[in-house]
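In this note's numbering, the protein residues as written are 437 to 719.
So, in structure tokens, the structure goes:
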């Protein structure tokens, strides 16, 4: 069922694949949607190689620079007039909601320009300005062709040249703090939980349940940060504490009642004529 749902999402997000000259050595232009999904999903669990890029301000960066907290990777090309701006705006909305729920510095985002011949740092900076993206932990990266192809293959992203420019998957990749692919999100638009839930698991999840007070707090935030579909946002749900308080009162009340009844019965038996304690007192 889950696989069928994922395939349906991919079918809806497939960006007009037409025959064209393949960009990478392996021709993926004739992949069916199911083959593309399999190729993309195969990247999950894969560790990201340390490719080198240049950010939109001309600074050299490597993928290892983003280790230490979750990373969200989106592929775009700056001359794209339709799908890439939509994907970027959808990601911007989802990332803003995630930061509100998880913390402003809880994860990083990178948009990678895969048209290595055209997506210069200046073009990437202009694209970011066009999209209204001005976030400290969101970088727009340029790179050479080998790095771009290597990164795409590493993350299970398919793109190739076509008569209209490039055809590509609508894909956003979520990596954990160690650079391991954790989740793929598909579609030019997608529901908030598809991105925020895996980020929430990575930010608040801990390998051992209660190794420290900090771990305990993270576990509480993991289970109490919920999605409100009516408002299309994440919020901290305090009702669980009310339920725990009421439950504690009920259980505590029952415990006190049982103990008091046990004590009352025990005392009544001790006072009952013919009991061993009564005979000892008479003697």
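Glycine is no exception: its CB is placed at the ideal position from the N, C-alpha and C atoms.
- Residue 686 has its alpha-carbon roughly 57 Å from the corresponding atom of residue 589.
- Under the three-state reduction of DSSP output, residue 503 falls in the coil class, being neither helix nor strand.
- When DSSP reads this structure, residue 512 sits in a beta bridge with 549.
- The beta carbon of residue 610 sits closer than 6 Å to those of 508, 618, 619 and 634, all from its chain and outside the five residues before and after it, given in chain order.
- Our two residues, residue 494 and residue 684, have alpha carbons roughly 58 Å apart in a direct line.
- In the three-state scheme derived from DSSP, where H, G and I count as helix and E and B as strand, residue 611 is classed as strand.
- Exposure of residue 690 is indicated by the presence of fewer than 16 other C-beta atoms within 10 angstroms of its C-beta.
- A straight line joining the alpha-carbon of residue 707 with that of residue 694 spans about 20 Å.
- As DSSP reads the structure, residue 577 sits in a beta bridge with 491 and 548.
- In the DSSP assignment, residue 619 is bridged to 610.
- Taken through DSSP and simplified to helix, strand or coil, residue 497 comes out as strand.
- The beta carbon of residue 511 sits closer than 6 Å to the beta carbons of 548, 550 and 593 from its chain, once the five residues preceding and following it are set aside; these are given in chain order.
- Measuring C-alpha to C-alpha distances from residue 545 to each of 529, 553 and 552 identifies 529 as the nearest.
- Taking C-beta separations shorter than 6 Å and ignoring five residues to either side along the sequence, the partners of residue 575 in its chain run 491 and 546, following chain order.
- With a cutoff of 8 Å on beta-carbon distance, residue 615 and residue 696 are scored as not near each other.
- Membership of residue 602 in the beta strand (DSSP E) is indicated by the continuous run 601-604.
- According to DSSP, residue 625 shares a beta bridge with no other residue.
- Bridge partners of residue 476 according to DSSP: none are assigned.
- Counting of Cβ neighbours within 10 angstroms places residue 566 among the exposed residues, the total staying below 16.
- Beta-bridge analysis with DSSP links residue 595 to 604.
- Its Cα nearest to that of residue 580, the residue 553 stands out among 553, 499 and 542.
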